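Enquirer:
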Ligand SMILES: CCCCCCCCCCCCC/C=C/C(=O)SCCNC(=O)CCNC(=O)[C@H](O)C(C)(C)COP(=O)(O)OP(=O)(O)OC[C@H]1O[C@@H](n2cnc3c(N)ncnc32)[C@H](O)[C@@H]1OP(=O)(O)O
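Numbering (the working numbering), first residue to last: 10 to 757.
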């Protein structure tokens, strides 16, 4: 018996793996390339059902070997007279995670997916997909080529290719609209959204959903449909249902994706491909799908998005310069967590922890604020639960005004006001109150972790956990290790992050950590450009055309100018004279005039009222800038979008290289994940370090040198030595940068 979860009923059942040797000779591959063992298995069940099991852990991706095995095993099933129908399933409770994304950057050998799925659909014997776990991308397209689909109730299905810069190019854009209709297909294909089995059933994407053994249910169905006509079951032969309002639907979808895609080309191609399904016969639609796919497949955007996919997984394999590593550091179990401070961040953190199933003690100093926080947190939990169709985790939280309430927790997350003096006091108190061994984590966005750790009896238990607002929604978590943080504390923070469904990136301790440290030179350049002649509208337009959701000035108005002002005042940047290093007081001057952004109705833009959302250019600000320039000896000049992008983005990238050089981030992927998930860097541009590679390191270096020569008083424009070294080392590809960083004498 080969299927642990599916008992073989027929004594004659045989498990026959396609011989790896035979396959290797067919495709001319050898065992050294790691392909050996990744394939599909064949057995016969209930006498007349051929069962094909995809076997390519961890997600049964359709690699070249799997595709070849599937073809061979289908041929086998079709040639065996005793076999009347076929079931396809995936090993380990996962049907299929799609095409093998790792293959996309290679020569793509092996049989192509499209004819393989077409052949499957043409089969004279019924083929049933037994879908468990996931059916995504090529995996769902494979299932769409089958004649019937049975899904387990916990399965997720979808066509997420658009998130990889592609379209469902194995017939998905042509078969899905024929099966579920144009509106649903357009939505699923352009967003890449996964659907539950229940929704899939409602859409008609699957025929049957079971809570029990999916393979058994699929075999039962396969037995019952053996010998029946398959004419109506071949989706490619069905007419695409075209509602009378189809033209308007496509028009609206195209406008929607152009608006939200921020320059990404794949969503647009997805709409075009579904349009082909609605207007052309299947074969011609497939031609159109192929052409659109060919353009996307080789695009820089697809490379960037696929890089980001793997980067988001690579960051979980963290390491620190002191040698602590993800695979040798064990997290400690945590059951009860305290959150200190229930402002915006503390509330979001409380919600995220409760939703992750942890018991939370939520602490705020005053009763009134505590009650207000309780009301807001309960509302957030209730709304979240409604969306998920689950009960809200209200009983997971105990609220208290007493800091002593944290005495028995396993871990504390401090989220009080961003002020070192206040935080130090809290850390001293916590160190005295908490039971021995309690982890003390801080949600600071950039203060010194070592200084906080020094307030405690056990500095090895102190780690930074920098959440992004809203903390229960944003995927990113910067886990900041200090000089004395133990590997267990870091591993525990990473694990808690994972439990909260975050993508956690372990980074070193420095002012602003990774994200906010890189933001500083970016913001500075934007201010300097205003001094030199730009307007907020011009700077924002350039950045938004690049793909940011919001330009720097609109973003600053949204988050409030006073926040940065307070920080600058605390650092005495506002009062200091800045002699060797250029400092723009523009933000401070606006704050002095009460212009805090949207909340006051005035900031870098004007709004119709305090709290208004629609930013309009403000003639007052333009004349204020003119006077400011005249007073300070700036002569306004014409600044174009290219200069805005080069000055703002290359200064930010330069700081990224410094961060790598200082070993604050262990690789460029860390920085890119932080920027895409935390700072709305356009995903289809991969992240700042990937973008630097795309632009070319020599060009970045040349431009930084040029701007630095023009502005010797802006040190952040001076090219970092790592950048120079990488260029001198022949501009290695991004995955080799770490070698140069680790080996200062590297010539690769
Ligand atoms: C010149 C002209 C050319 C012409 C054009 C040629 C066209 C040829 C191509 C034809 C393609 C046809 C169209 C089909 C396209 C696709 O199918 S693209 C892939 C679509 N699928 C996905 O996007 C799913 C991606 N995976 C996931 O979302 C998740 O991994 C999961 C399946 C939901 C599982 O999640 P989880 O349990 O949390 O595990 P992870 O940590 O995410 O993953 C575990 C490891 O598995 C790796 N992995 C996952 N999916 C794939 C995959 N599809 N291919 C390869 N590898 C995959 C993942 O990277 C993890 O490994 P590590 O990175 O080592 O940690």
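We put the CB at the ideal spot given by N, CA and C, even for glycine. Here the structure is a predicted model, which is why all the values come from computation and not from measurement.
Between the C-alpha atoms of residue 251 and residue 209, what's the straight-line distance to the nearest angstrom?
Expert: For residue 251 and residue 209, the distance between alpha carbons rounds to 20 angstroms.
Enquirer: Under the rule that 16 or more other beta-carbon atoms within 10 Å means buried, what is residue 598, buried or exposed?
Expert: Label assigned to residue 598: exposed.
Enquirer: Determine the direct distance from the alpha carbon of residue 384 to that of residue 365, and round the result to whole angstroms.
Expert: Approximately 20 angstroms between the Cα atoms of the pair.
Enquirer: Suppose contacts are defined by Cβ-Cβ distances below 7 angstroms. Is residue 540 in contact with residue 593 by that definition?
Expert: Yes, the Cβ-Cβ distance between residue 540 and residue 593 is below 7 angstroms.
Enquirer: Ordered along the chain, which non-local residues of its own chain (more than five positions away) have a Cβ less than 8 angstroms from that of residue 654?
Expert: 551, 552 and 555, listed in sequence order.
Enquirer: Could you round the C-beta distance between residue 562 and residue 548 to whole angstroms and report it? I think they count as a contact, below 8 angstroms.
Expert: Indeed, because the Cβ distance is near 6 angstroms, the residues count as touching under 8 angstroms.
Enquirer: Since residue 292 sits in a beta bridge, which residues does DSSP pair it with?
Expert: Paired residues: none, contrary to the question.
Enquirer: Any contact of the segment 273-284 with the segment 196-203, i.e. 3+ C-beta pairs under 8 angstroms?
Expert: The segment 273-284 vs the segment 196-203: in contact.
Enquirer: Exposed or buried, residue 525, counting other C-beta atoms within 10 Å across all chains shown (16 or more means buried)?
Expert: Classification for residue 525: buried.
Enquirer: Distance check for residue 357 and residue 482, CA to CA, integer angstroms please.
Expert: Computed Cα separation, rounded: 8 angstroms.
Enquirer: If distances are taken between C-alpha atoms only, which option among 469, 499, 92 and 69 comes closest to residue 57?
Expert: Selected option, being the one with the closest Cα: 92.
Enquirer: Out of 135, 149 and 86, state which residue places its alpha-carbon closest to the alpha-carbon of residue 71.
Expert: For residue 71, the nearest C-alpha among the options comes from 149.
Enquirer: Which of helix, strand or coil does DSSP assign to residue 345?
Expert: Strand, per DSSP.
Enquirer: Taking 6 angstroms as the cut-off, is the beta-carbon of residue 655 closer than that to any non-hydrogen atom of ligand 1?
Expert: Not under cutoff, so the answer is no.
Enquirer: Residue 255: which of 418, 280 and 242 sits nearest, CA to CA?
Expert: The residue with the shortest Cα to Cα distance from residue 255 is 280.
Enquirer: Indicate the three-state DSSP secondary structure (helix, strand or coil) for residue 324 in the structure shown.
Expert: Three-state result, residue 324: coil.
Enquirer: Would you mind working out which of 611, 670 and 217 sits nearest residue 229, comparing C-alpha positions?
Expert: Ranking the options by Cα distance to residue 229, first place goes to 217.
Enquirer: Does any heavy atom of ligand 1 sit closer than 6 angstroms to the C-beta of residue 192?
Expert: It does not: the Cβ of residue 192 is nowhere closer than 6 angstroms to a heavy atom of ligand 1.
Enquirer: Between 419, 74 and 666, which lies nearest to residue 348 when the distance is taken from Cα to Cα?
Expert: That would be 419, whose Cα lies nearest to the Cα of residue 348.
Enquirer: Considering Cα atoms alone, identify which of 666, 370 and 590 is closest to residue 721.
Expert: Measuring from the Cα of residue 721, the nearest candidate turns out to be 590.
Enquirer: Report yes or no: do the segment 91-111 and the segment 129-143 share at least 3 C-beta pairs separated by less than 8 angstroms?
Expert: The segment 91-111 vs the segment 129-143: in contact.
Enquirer: Can you tell which of 498, 438 and 429 has the C-alpha that lies nearest to the C-alpha of residue 411?
Expert: The residue with the shortest Cα to Cα distance from residue 411 is 438.
Enquirer: Determine, using beta carbons only, whether residue 666 and residue 600 come nearer to each other than 7 angstroms.
Expert: Not closer than 7 angstroms, so no.
Enquirer: Between 487, 493, 627 and 479, which lies nearest to residue 465 when the distance is taken from Cα to Cα?
Expert: For the residues 487, 493, 627 and 479, the minimum Cα distance to residue 465 belongs to 493.
Enquirer: Note down, in chain order, each residue of its chain lying with its Cβ closer than 7 angstroms to the Cβ of residue 314, except the 5 sequence neighbours on either side.
Expert: If we look at residue 314 and ignore the five residues flanking it on each side, its Cβ neighbours are 172, 173, 174, 692 and 693.
Enquirer: What does the Cβ neighbour count give for residue 432, buried or exposed, with the cut at 16 atoms within 10 Å?
Expert: Residue 432 comes out buried.
Enquirer: Of all the options 629, 670 and 487, which has the alpha carbon lying nearest to the alpha carbon of residue 327?
Expert: Checked all of 629, 670 and 487; the closest Cα to residue 327 is 487.
Enquirer: Do residue 247 and residue 286 have their C-beta atoms within less than 7 angstroms of each other?
Expert: Taking 7 angstroms as the Cβ cut-off, residue 247 and residue 286 do not qualify as a contacting pair.
Enquirer: Going straight from the alpha carbon of residue 505 to that of residue 604, what length do you get?
Expert: C-alpha separation (whole angstroms): 39 angstroms.
Enquirer: Quick check: the Cα distance between residue 115 and residue 222, rounded to an integer number of angstroms?
Expert: For residue 115 and residue 222, the distance between alpha carbons rounds to 37 angstroms.
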